[in-house]
Amino acid sequence: LAELTFFGDRLFYKEWWNATKLEDYWRLWNLPVHNWLVKHVFLPIVNSGFRKTTAVFATFFVSAVFHELLVSVPCHTVRLWAFF
């Protein structure tokens with residue numbers, strides 16, 4: 002099935018284990034999530050005239066919300082651990 006949908010050829014991460022900075026690690030790990038966040042959260046905020054720092058913070062916050070929901074809802078443990 003992966004070959005038919007071309008899902009098996011998808012690039013999920015690059016050499017994150019060689020990252021020397023935290024921002025390099027985030028950029029190299031989980032590329033589909035990183036690329037989606039850049040395209041749909043970071044760039045629209047920057048293009049709206051906000052500073053890059055604000056866009057980075059907002060993108061990190063959106064990522065935290067999605068990760069919290071994707072882990073806590075299926076486990077029935079919605080406790081907002083990512084925020085406290």
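Mapped onto the working numbering, the consecutive letters of the sequence shown carry residue numbers 2 to 85. Ideal Cβ positions, reconstructed from N, Cα and C, are used throughout, including at glycine.
Only exposed fits L23, as fewer than 16 other CB atoms lie within 10 angstroms of its CB. Contact check for Y14 against L38 fails: the beta carbons are separated by 8 angstroms or more. Between the C-alpha atoms of A59 and V34 there is a straight-line separation of about 15 angstroms. In the structure shown, H77 adopts coil according to DSSP, grouped into three states.
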